[in-house]
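*Asks:* If you read the sequences in order, they're chains A and B.
The numbers in the numbering used here rise by one with no breaks, and the one at position 425 of the first sequence is 425.
The numbers in the numbering used here rise by one with no breaks, and the one at position 198 of the second sequence is 198.
C-beta atoms are modelled at their ideal positions from N, C-alpha and C, and glycine is treated no differently.
Computed from a prediction, not measured in an experiment: that's the story for all the values here.
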Amino acid sequence: MKFRTNPGGRGLRTVLSGLLVMLLACAAALFAGSGAHAETKDEKTLTIAVSQEVDSLSPFLAVRRITTALGRLSYDFLTNYDPKTGKTIPALAESWTTSEDGLTWTYKIRDTKWTDGQPITAEDARWTFDTMMKDEAAATANGNFVENFESVSAPDPRTLEVKLKAPQATMLALDVPILPKHKWEGVGDYSKFNNDQEFPIVGSGPWVISAYEVNQSITLTPNKDFWRGAPKFDKLVFRYIDDSDAQVEALKAGEVDFVSGLTPAQAKALESADNITVNKAKGKRFQAITLNPGAKLQDGTAFGDGNKALQDPVVREALVRTIDREAIYKTAYGGFGEANGGYIPSRYKDYHWEPEGDAVIGFDTAKAGELLEGAGWVKGSDGIRAKGGTKLSFRFNVHADNPQYVQAAEMMREWAKEAGIDLKVEPVSEVGALLDAGTYDILTTGWSVNPDPDYILGINRCSGLPAKVGGPYLSDAYYCNPEYDKLYAAQLAELDQPKRAEIVKQMQEQLYKDNVFVVWGYADQLEAFRSDTIASMQPQPDPGGNYDSQDGYWSWWSATPVGEEDEAAGDSGGSSSGLMLGGGAVALAALAAGVVFLRRRGATAADDRE
Amino acid sequence: MTELPPSDAVPHLDEVRDRGDAPRGTGGAAVALADRRGRDDDRLRRNAAYLGKRLLGAAVSLVAVIFTSFFLFRIIPGDPVRVMTHGRPVTIEQKEALAREFGLDKPMLEQFVSYLLGVLRFDFGESFQYNRPVLSMVGERLGPTLLLVGASLAVSAALGLWLGVQGAWKHGSTADRVNTGVALTLWSVPSFWLGLILIVVFASGLGWFPTSGMKTPGVTGFDMVLDVAHHMVLPLVTLVAVVYAQYLLVMRSSLLDEMGSDYLTTARAKGLRDTEVKRQHALPNALLPTTTLVFINIGFVLFGAVLVETVFSWPGLGKLFYEGLSVPDLPLVQGLFVIFSAAVILMNLVSDLIYPLIDPRVRP
Numbered sequence: 001m002k003f004r005t006n007p008g009g010r011g012l013r014t015v016l017s018g019l020l021v022m023l024l025a026c027a028a029a030l031f032a033g034s035g036a037h038a039e040t041k042d043e044k045t046l047t048i049a050v051s052q053e054v055d056s057l058s059p060f061l062a063v064r065r066i067t068t069a070l071g072r073l074s075y076d077f078l079t080n081y082d083p084k085t086g087k088t089i090p091a092l093a094e095s096w097t098t099s100e101d102g103l104t105w106t107y108k109i110r111d112t113k114w115t116d117g118q119p120i121t122a123e124d125a126r127w128t129f130d131t132m133m134k135d136e137a138a139a140t141a142n143g144n145f146v147e148n149f150e151s152v153s154a155p156d157p158r159t160l161e162v163k164l165k166a167p168q169a170t171m172l173a174l175d176v177p178i179l180p181k182h183k184w185e186g187v188g189d190y191s192k193f194n195n196d197q198e199f200p201i202v203g204s205g206p207w208v209i210s211a212y213e214v215n216q217s218i219t220l221t222p223n224k225d226f227w228r229g230a231p232k233f234d235k236l237v238f239r240y241i242d243d244s245d246a247q248v249e250a251l252k253a254g255e256v257d258f259v260s261g262l263t264p265a266q267a268k269a270l271e272s273a274d275n276i277t278v279n280k281a282k283g284k285r286f287q288a289i290t291l292n293p294g295a296k297l298q299d300g301t302a303f304g305d306g307n308k309a310l311q312d313p314v315v316r317e318a319l320v321r322t323i324d325r326e327a328i329y330k331t332a333y334g335g336f337g338e339a340n341g342g343y344i345p346s347r348y349k350d351y352h353w354e355p356e357g358d359a360v361i362g363f364d365t366a367k368a369g370e371l372l373e374g375a376g377w378v379k380g381s382d383g384i385r386a387k388g389g390t391k392l393s394f395r396f397n398v399h400a401d402n403p404q405y406v407q408a409a410e411m412m413r414e415w416a417k418e419a420g421i422d423l424k425v426e427p428v429s430e431v432g433a434l435l436d437a438g439t440y441d442i443l444t445t446g447w448s449v450n451p452d453p454d455y456i457l458g459i460n461r462c463s464g465l466p467a468k469v470g471g472p473y474l475s476d477a478y479y480c481n482p483e484y485d486k487l488y489a490a491q492l493a494e495l496d497q498p499k500r501a502e503i504v505k506q507m508q509e510q511l512y513k514d515n516v517f518v519v520w521g522y523a524d525q526l527e528a529f530r531s532d533t534i535a536s537m538q539p540q541p542d543p544g545g546n547y548d549s550q551d552g553y554w555s556w557w558s559a560t561p562v563g564e565e566d567e568a569a570g571d572s573g574g575s576s577s578g579l580m581l582g583g584g585a586v587a588l589a590a591l592a593a594g595v596v597f598l599r600r601r602g603a604t605a606a607d608d609r610e
Numbered sequence: 001m002t003e004l005p006p007s008d009a010v011p012h013l014d015e016v017r018d019r020g021d022a023p024r025g026t027g028g029a030a031v032a033l034a035d036r037r038g039r040d041d042d043r044l045r046r047n048a049a050y051l052g053k054r055l056l057g058a059a060v061s062l063v064a065v066i067f068t069s070f071f072l073f074r075i076i077p078g079d080p081v082r083v084m085t086h087g088r089p090v091t092i093e094q095k096e097a098l099a100r101e102f103g104l105d106k107p108m109l110e111q112f113v114s115y116l117l118g119v120l121r122f123d124f125g126e127s128f129q130y131n132r133p134v135l136s137m138v139g140e141r142l143g144p145t146l147l148l149v150g151a152s153l154a155v156s157a158a159l160g161l162w163l164g165v166q167g168a169w170k171h172g173s174t175a176d177r178v179n180t181g182v183a184l185t186l187w188s189v190p191s192f193w194l195g196l197i198l199i200v201v202f203a204s205g206l207g208w209f210p211t212s213g214m215k216t217p218g219v220t221g222f223d224m225v226l227d228v229a230h231h232m233v234l235p236l237v238t239l240v241a242v243v244y245a246q247y248l249l250v251m252r253s254s255l256l257d258e259m260g261s262d263y264l265t266t267a268r269a270k271g272l273r274d275t276e277v278k279r280q281h282a283l284p285n286a287l288l289p290t291t292t293l294v295f296i297n298i299g300f301v302l303f304g305a306v307l308v309e310t311v312f313s314w315p316g317l318g319k320l321f322y323e324g325l326s327v328p329d330l331p332l333v334q335g336l337f338v339i340f341s342a343a344v345i346l347m348n349l350v351s352d353l354i355y356p357l358i359d360p361r362v363r364p
């Protein structure tokens with residue numbers, strides 16, 4: 001009866017024993033799992049954390065970063081980009097020549113083999129391009145590359161000949177995976193074929209896609225006969241970890257060896273972690289805002305409701321003068337980035353341009369005020385400038401899912417206020433819909449730039465404007481300047497690289513002066529890897545380059561495991577985890593004893609009551 | 001009055017018993033039989049009406065969901081073609097070709113009709129992003145979601161109900177206050193945050209569990225079962241921790257309602273043991289509200305646990321829905337919306353139909 005005096009006793013025991021049962025179940029699973037881990041030890045595996053899902057393993061359809069990167073690893077392209085300089089170098093094409101008129105390109109195809117042992121011939125390349133030209137579904141991903149092709153032929157197994165409609169300078173930047181005709185020509189409908197039924201997938205790159213578990217992992221094995229040399233790791237695994245913080249934890253735990261896309265805060269925290277190297281690579285991507293210059297269709301019809309004041313170049317220049325690019329990268333990007341007004345990022349040395357001396361439209365709020373004052377924009381009682389009923393009050397729509405953009409926008413709002421300009425910062429989930437309708441004043445934007453600048457320059461052509469409201473278009477800013485279009489055509493037709501680079505720089509200067517597409521600079525690409533797994537890897541560019549999403553297969557192809565020859569290295573890890581498991585077992589035994597004890601006491605108490 | 005067909009293949013149970021019991025050939029018995037038949041008939045009709053009403057309600061809900069699904073996701077701003085091609089070197093022709101392939105160039109009414117015809121054939125079309133039938137993608141991820149969320153439902157219901165009974169029986173005790181307090185605290189913790197804390201402490205910190213995923217690549221056979229169990233611990237604990245409070249509270253309050261009842265006093269007066277009073281008399285009555293709760297939650301199992309699946313990279317349906325929404329991948333989100341809703345409607349229906357069986361008071 002004495003237990004009656006403690007009515008909470010049994011309940012408390014219930015709580016405790018419940019918790020213990022759960023703990024025991026967890027522990028059982030823990031021990032169960034530790035056995036399953038062991039078997040992959042002797043193989044040298046390089047595990048990369050990824051989150052983007054596979055859209056399709058068919059290079060005809062794949063458009064995502066992860067699947068285009070897989071295409072790079074498993075199929076050779078005609079040409080590749082040098083890891084150090086980014087210049088075009090031979091790949092499947094050993095060499096090439098151009099006709100006098102620039103209309104015929106002849107590539108000599110390397111004598112090498114598909115991973116199923118079949119020889120690679122010019123016919124494979126011809127078939128790949130030809131199918132993209134004739135079949136709309138096969139053109140889904142890379143149709144833009146063959147848009148200007150007149151015909152493709154393979155006069156002999158080692159020669160590929162492409163005839164063009166008009167000369168184009170991008171013929172050495174055909175980033176198209178060449179496919180094995182013998183495996184692909186039997187496929188009926190390319191829009192339904194995802195290339196994910198038969199593994200390993202026959203290819204020609206340094207790695208072979210040998211297994212794919214949807215949303216869990218993609219496993220690649222080395223192509224031992226790769227003509228540039230076999231990769232050094234025994235296995236390359238892309239493992240799905242959706243959450244960025246969870247990726248970082250997995251890196252710390254050693255479950256993955258490489259993570260990318262780190263935030264500045266994550267990179268800072270990882271810098272002090274053991275056996276982890278943080279890589280701050282020069283960014284491929286620019287961050288920018290676009291000022292609505294008056295949305296127009298190709299025929300000049302205006303639409304949308306952009307503030308008319310932004311159609312005045314003086315107002316645009318004044319607004320740009322209130323932006324402190326240095327402060328944005330120092331504060332919002334934690335110092336991981338480069339303030340720069342040039343359109344092509346500075347990592348592409350050949351094509352990058354940046355303003356110098358008097359050409360710089362730099363941060364100077366006083367000058368901004370003077371410019372506006374001179375143009376007749378006078379401050380009202382609320383501190384906002386106005387002229388003829390139009391106020392310098394702009395909607396500033398920011399990608400809500402990008403904290404750096406949001407912070408930079410808040411900073412810009414403060415600076416603009418000093419010059420009498422009112423920015424209404426409004427984070428939104430869908431910037432694109434506002435762009436479609438032309439119902440914005442200022443938007444944030446950002447683009448990844450390829451080694452060949454043709455496409456990123458092309459979006460600002462007048463022909464990139466929509467033909468009708470709601471119709472497809474390429475423009476990101478409703479920029480249209482006939483001078484710029486002329487330069488665009490000239491660079492595309494210029495086959496001499498240094499001369500072409502000169503024109504590309506003039507185009508950037510024009511863009512910069514017009515203040516419609518206003519680049520802030522280039523945030524660093526932040527990555528981290530386990531230095532106790534990976535001894536070395538080839539960055540691109542070198543030095544200061546990135547490992548993830550390279551233009552080429554350099555990083556994963558060149559990655560060298562730590563201590564290939566040192567077999568004893570694995571032991572220390574084993575014994576320490578053994579110790580931990582042993583300790584766990586002792587703790588568990590104690591817990592189990594506790595449960596039994598409590599249950600027995602419970603039983604006695606119940607008996608007493610009867 | 002309609003007569004039961006004489007050749008009724010599945011006669012009513014009562015009817016069978018009546019036929020066996022009643023001595024045949026006597027007039028009075030025949031009258032009694034007819035009378036009983038009449039009452040049975042009446043009950044049958046009421047049952048049928050109840051069933052019909054519930055079925056009709058479910059059907060109407062389902063049709064409403066099918067209609068809503070089409071328009072709902074077209075109101076969300078976002079152009080699938082633009083989102084899918086953003087940042088890619090595409091020509092305007094490629095964009096037009098994509099719009100054609102997705103059928104977005106057709107008038108809205110035509111798109112709607114083809115969607116409806118598809119749904120009738122249980123065909124939700126092909127995902128824009130993945131070029132694959134929506135149903136096969138759902139099939140692929142159904143297993144992991146059912147496993148994780150189903151297990152968490154079972155564990156949290158068992159744990160919550162058990163603790164709820166203990167709490168109510170000894171209400172006001174230290175254990176009750178602690179239990180309710182702990183449950184409510186966990187209930188208000190964001191699941192993704194709790195998940196991340198568990199990862200930091202037990203996975204990357206102590207190294208007891210994997211940080212995420214469902215299994216180690218390349219592991220097969222029985223090892224895979226163990227491996228999956230090992231991977232499942234942290235997400236399961238997270239899910240259970242944040243939801244068991246609702247079972248605890250519902251169970252506790254409905255049992256508390258019963259505790260003052262006269263029939264319990266009677267039971268005690270008969271000299272029944274405390275545990276018997278609890279198990280035989282109080283519990284069955286208190287279980288009723290919980291039944292509805294459990295069935296509704298079974299319906300929501302399919303919807304998964306988007307946040308927990310994301311934090312632990314569990315390859316389930318929740319993440320698929322999230323990925324579909326960001327495009328918007330219309331066939332995918334439409335299909336998932338209909339399937340999720342259908343599951344909830346179906347489980348509601350089941351609970352409506354089961355309820356009269358366990359509670360005579362609501363019998364029609």
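Span of the beta strand (DSSP E) holding N279 (chain A)?
*Replies:* Unbroken beta strand (DSSP E) run through N279 (chain A): 276-281.
*Asks:* Which residues does DSSP list as the beta-bridge partners of E161 (chain A)?
*Replies:* Paired residue(s): A:T106, A:S153.
*Asks:* Quick check: the segment 161-176 of chain B against the segment 192-209 of chain A, are at least 3 beta-carbon pairs closer than 8 Å?
*Replies:* No, the segment 192-209 of chain A is not in contact with the segment 161-176 of chain B.
*Asks:* List the residues of chain B that A253 (chain A) touches, going by C-beta distances under 7 Å, in chain order.
*Replies:* In chain order: A203, S204, G207, T211.
*Asks:* What's the C-alpha gap between M259 (chain B) and A157 (chain B)?
*Replies:* Distance between the alpha carbons of M259 (chain B) and A157 (chain B): 21 Å.
*Asks:* Rounded to whole angstroms, what is the Cα-Cα separation between L256 (chain B) and W169 (chain B)?
*Replies:* Roughly 8 Å between the two C-alpha positions.
*Asks:* When you compare only the Cα positions, how much space is there between D382 (chain A) and L371 (chain A)?
*Replies:* Using only the alpha carbons, I get a separation of about 19 Å.
*Asks:* To the nearest whole angstrom, what separates the beta carbons of L457 (chain A) and Y488 (chain A), a pair I think is in contact under 8 Å?
*Replies:* Yes, they are in contact, since the Cβ atoms of L457 (chain A) and Y488 (chain A) sit about 6 Å apart, within 8 Å.
*Asks:* Let me know if T220 (chain B) comes out buried or exposed under the rule of 16 or more other beta-carbons within 10 Å of its beta-carbon.
*Replies:* So T220 (chain B) ends up on the exposed side.
*Asks:* So which residues on chain B does S448 (chain A) lean against when the C-beta distance must stay under 8 Å?
*Replies:* Neighbours of S448 (chain A) on chain B, chain order: G87.
*Asks:* Does the distance from the C-beta atom of K486 (chain A) to that of D234 (chain A) stay below 8 Å?
*Replies:* In this structure, D234 (chain A) does not lie closer than 8 Å to K486 (chain A) by Cβ.
*Asks:* Any idea what DSSP makes of H352 (chain A), helix, strand or coil?
*Replies:* Of the three classes helix, strand and coil, the one that applies to H352 (chain A) here is coil, per DSSP.
*Asks:* M84 (chain B) touches chain A at which residues, Cβ-Cβ below 8 Å?
*Replies:* Chain A residues near M84 (chain B): V63.
*Asks:* Verify whether the separation of the beta carbon atoms of T439 (chain A) and G304 (chain A) is less than 8 Å.
*Replies:* Yes, the pair counts as a contact, with Cβ atoms nearer than the cut-off.
*Asks:* Go ahead and pull the three-state DSSP assignment for S217 (chain A).
*Replies:* It is a strand residue.
*Asks:* How about I178 (chain A) and A528 (chain A): are their beta carbons less than 8 Å apart?
*Replies:* Contact: no.
*Asks:* Take D452 (chain A) and list the residues in its own chain whose beta-carbon comes closer than 6 Å to its own, dropping the five residues that flank it on each side.
*Replies:* The answer, listed in chain order, is T170, A173.
*Asks:* On the three-state DSSP scale, how would you describe A86 (chain B)?
*Replies:* One point to set straight first is that residue 86 (chain B) is His, not Ala, in the sequence displayed. Here H86 (chain B) sits in coil by DSSP.
*Asks:* Out of A:R461, A:G283, A:A332, which one is the CA nearest neighbour of N450 (chain A)?
*Replies:* Of A:R461, A:G283, A:A332, the residue nearest in Cα terms is A:G283.
*Asks:* In chain order, what residues of the same chain lie with their CB nearer than 7 Å to the CB of K181 (chain A), ignoring the 5 residues before and after it?
*Replies:* So the qualifying residues of the chain are E123, D124, W127.
*Asks:* What residues in its chain sit with their C-beta under 8 Å from that of L236 (chain B), if we drop five residues either side in the sequence?
*Replies:* L148, A151, S152, V155.
*Asks:* Looking at chain B, is there any beta carbon in it that lies within less than 8 Å of the beta carbon of V237 (chain A)?
*Replies:* Yes, contact with chain B.
*Asks:* List the residues of chain A that R132 (chain B) touches, going by C-beta distances under 8 Å, in chain order.
*Replies:* The answer, in chain order, is N194.
*Asks:* Let me know the secondary structure DSSP gives Q287 (chain A) once reduced to three states.
*Replies:* In this structure, Q287 (chain A) counts as strand in the three-state DSSP scheme.
*Asks:* Output the boundary residues of the beta strand (DSSP E) element that contains W556 (chain A).
*Replies:* Per DSSP, W556 (chain A) belongs to no beta strand (DSSP E); it is in the alpha helix (DSSP H), 554-558.
*Asks:* Rounded to the nearest angstrom, what separates I66 (chain B) and R132 (chain B) at their Cα positions?
*Replies:* In a straight line, the C-alpha of I66 (chain B) is about 21 Å away from that of R132 (chain B).
*Asks:* Report the three-state DSSP secondary structure of E338 (chain A) (helix, strand or coil).
*Replies:* Three-state DSSP puts E338 (chain A) in a strand.
*Asks:* Taking 8 Å as the cut-off, decide whether the C-beta atoms of V277 (chain B) and A267 (chain B) are in contact.
*Replies:* Yes. Within cutoff.
*Asks:* List the residues of chain A whose Cβ lies closer than 7 Å to the Cβ of P367 (chain B), in chain order.
*Replies:* Residue 367 (chain B) is absent from the model: chain B starts at 1 and stops at 364.
*Asks:* Would you kindly work out how many angstroms separate the C-alpha atoms of K349 (chain A) and F286 (chain A), rounded to a whole number?
*Replies:* Roughly 15 Å between the two C-alpha positions.
*Asks:* G389 (chain A) by DSSP, collapsed to three states: which one?
*Replies:* Note: G389 (chain A) maps to coil in three-state DSSP.
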